[in-house]
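Under UniProt numbering, the first residue of the sequence shown carries the number 1, and numbering increases by one thereafter. Where is the CB? At the ideal position from N, CA and C, for every residue including glycine. As the structure is a prediction and not an experimental result, all values here were calculated from the model.
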Amino acid sequence: MTVFPLLPPKTGKMSLRSALPTFSFTPRVLLWQHRVFPRPSISQSSSRISAGLYGASCMPTGSVSLSTPVTVSSEMPRLQLQKSPFREVPQAGNELGFLPQPRSPLNGVAFEKVLALFAGTLESRIAPSRNPPFLVDKKTFTSTRKQSSEANQPGNQTAATRQPTGRSENRQENRMQENNLRSAEQSTISSPEPGNPNFSRGALAAGKRRRERTSALRVCENFLDAVGMTPLIYLRRASQETHCDIFAKCEFNNPGGSVKDRPAKYILEQAEKEGRLGGSQNWIVEGSAGNTAIGLALASKPRGYRVVCVIPDTQTQDKKDMLKVCGALVVEVPFHKVWHPDHFVAFSGRLASVMNACWGNQFDNLANQLSHYETTGPEIWDQMDGRIDGFVSAAGTGGTVSGVSRYLRSQHPEIQIALADIPGSALYRYFTEGVLRAEGASVVENIGQGRITGQLQDFRPDVAFEISDVESLTWTHSLLEDEGLAVGMSSGVNVAAAVRLAKRLGPGHRICTILCDSGTRYAKKQWNISFLREEGLPYPRLLADQKREMSAIMEAIHVAYAPQHVVERIEKEHENDISAPGSKL
């Protein structure tokens, strides 16, 4: 901490303008001195020094904004000035060079009140800074400071220039300050430079602060209340490669770990409202590739419902094990084409009828689409501040792409909606050729469809892409290695299609897609080098690097072990240990 004594200079006047260019007053220090030292009187006589101390506004850059001179007594103790912790934020187009941070603990009006209190009275000769200098241009600031200085000369002060003391007036001033800061925040949001790795920091920061004010640290009552409000993340490599701004919504952050938590919530609540669930009816049957049934099982636990999941035997063992952990009864059936009477969805419907249970029917129950129309779509629109040129998603049931696109088109009719599809699915050829025909095969789970489900009845994309396994896995691995996101292969399909749409639209566009679930549910497939080699697919570079790096540190690992004679000595010292043989203590 630097200490500046307020000693009278030879001229009898003293200016902090040149002495304190990089320091800001802190209210804690001022109030501490006010408590420790006797408060000097502002009406003392000839012994008073009319020092040119200026009222300061706490700036986020660590600088002092000088405004109105304040009369300070010679008895005033040394004023301690603390270097501000706020960082400088240079911004183009701001003549003063800096912009305010809303989290600054002390604005102009608040500081002047504290300074006046320290000087001895709230009725001091301080003109309130209703327009903080960092919110006006340089010319206006200079003029305002001059007028304020003239108004505070002896004999020129009026009631209008005094600091208001009423609580209602104080609240009005605080609201005015907040509005000014909000206006300044919004003015900092400019169009980002496409593909720039340091893109649009102002926009991201402003969006983050806005979300913090509205939804941060929310307290949820239960599993269903925690569904949604997932973060949006900027994908740097995809953006740099396309010279666009590509974002992804992290649906794996839902409490059940996937985007399917949203329709699971709506299906459950709809069944309760319609009386198909609750009371004596506590069984739910769902045909699912895994994620929807996981969401249903977790959401049903607090309500006492039981979930039966009919799943095809082509799904990963990791997902089947997770279903059992969540309490679902897993009925594994052979894989059949969608037209087969024993296709897992058709089978689940008949099983629900035999059991007299509630059938979730996520493929044709429009509560699925409604969940995304009412939650996912509005969240994306708000998180991107309404500046979105394209949305991309694959389709399994079709609820995500149809619900989100329906909402986004209602807000922005010119938005481009792209469908991402995989080999073995019929949707790509249906929307490009008008023929519901599937060709090829894919190892990707959860997406692809051989029929037009209830969710897709009224859906029409602007463009459709067929993404190969090589392309989708390449981007899945890139998300892990370049972004730190361990997501499933369907997320790689979405990002690959988002890159294609960005190249189609051209540089400067803003595109959003979905990261559906976590890659931990596919550890034995997409992270399994042996499996990927057998399928002729690329595998993550970092897994191959780990083997090479481990061989490089094997010698260090052997050296790190304690020598045998040390081990024997320590074991002998603890031979009378009373811990149980199997204890880890």
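Taking the straight line between their C-alpha atoms, what separation do you get for R500 and I511?
11 Å
Quick one: give me the first and last residue of the beta strand (DSSP E) that R510 is part of.
510-515
Give me the residue from A497, S472, A238, G440 with the minimum Cα distance to P461.
A497
If you count every other CB in all the chains shown that lies within 10 Å of the CB of A127, and 16 or more means buried, which is it?
Residue confidence for A127 is low, a pLDDT of 40 falling below 50, so the modelled location carries little weight; the figure read from the coordinates is stated next. Buried, since its Cβ has 16 or more Cβ neighbours within 10 Å.
Put F459 into one of helix, strand or coil per three-state DSSP.
coil
Just curious, the beta strand (DSSP E) that R306 is in, first and last residue?
306-312
Can the beta-carbon of C309 be found less than 9 Å from the beta-carbon of L298?
no
Measuring CB to CB, does Q489 end up less than 9 Å from V443?
Strictly speaking, residue 489 in this sequence is Met, with Gln absent from that position. A contact, by the Cβ cut-off of 9 Å.
Can you name the start and end residues of the alpha helix (DSSP H) that V470 belongs to?
469-483
Taking 7 Å as the limit between beta carbons, can you name the residues of its chain near A271, skipping five residues before and five after?
L277, C358
Contacts around V567, its chain only, beta-carbon distance under 6 Å, and the 5 residues preceding and following it disregarded:
none
In terms of residue numbering, what span does the alpha helix (DSSP H) encompassing L427 cover?
427-433
Expressed to the nearest angstrom, what Euclidean distance is found between the alpha-carbon atoms of S410 and G386?
12 Å
Suppose the cutoff is 6 Å on Cβ atoms and the five residues either side in sequence are ignored; what does the same chain contact list for R406 look like?
Y373
Taking just the CA atoms, how far does Y266 sit from Q449?
22 Å
Nearest neighbour of S425, chosen from E414, S468, Q240, D389 [CA to CA]
S468
How about I294 and S258: do their beta carbons lie closer than 9 Å?
yes
According to DSSP, is K265 helix, strand or coil?
helix
Simplified DSSP assignment, three categories, for K547:
helix
If we ignore side chains and look at the alpha-carbon of each, how far apart do D225 and G279 end up?
22 Å
Opposite F247 in the DSSP bridges: which residues?
Y234, C512
If distances are taken between C-alpha atoms only, which option among T242, V227, N222 comes closest to P507?
T242
Residue 606, DSSP secondary structure in three states
Nothing about residue 606 can be read from this structure; the chain reaches only from 1 to 585.
Bridge partner(s) assigned by DSSP for L329
V308
Is it a yes or a no for the region 310-323 touching the region 285-293, going by three-plus beta-carbon pairs under 8 Å?
yes
Would you mind reading off the limits of the alpha helix (DSSP H) that contains E379?
377-383
Am I right that S300 and L268 are in contact with their C-beta atoms under 8 Å? What's the rounded C-beta distance?
7 Å
Buried versus exposed call for E573 [16 or more other C-beta atoms within 10 Å across all chains shown]
exposed
With H, G and I counted as helix, E and B as strand and the rest as coil, what does DSSP make of E374?
helix
On the CB-based measure, 16 or more other CB atoms within 10 Å of its CB, does N222 come out buried or exposed?
exposed
If you measure between the beta carbons of D389 and H509, is that distance less than 9 Å?
yes
Secondary structure at Q416, three-state DSSP: helix, strand or coil?
strand
Kindly give me the distance between the Cβ atoms of residue 639 and S402, rounded to whole angstroms, as I take these residues to be in contact under 8 Å.
The structure shown does not extend to residue 639, since the chain is modelled only from 1 through 585, so no value can be given for it.
Looking at C-alpha atoms only, which residue of R236, Q416, Q457 is the closest neighbour of V463?
Q416
Please go through the same chain and pick out, in chain order, the residues whose beta-carbon is closer than 8 Å to the beta-carbon of P441, but skip the five residues on each side of it.
Note on residue identity: the sequence assigns Ala, not Pro, to residue 441. Here the set comprises P423, G424.
Is it right to say I380 is buried, meaning 16 or more other beta carbons lie within 10 angstroms of its own, or is it exposed?
buried
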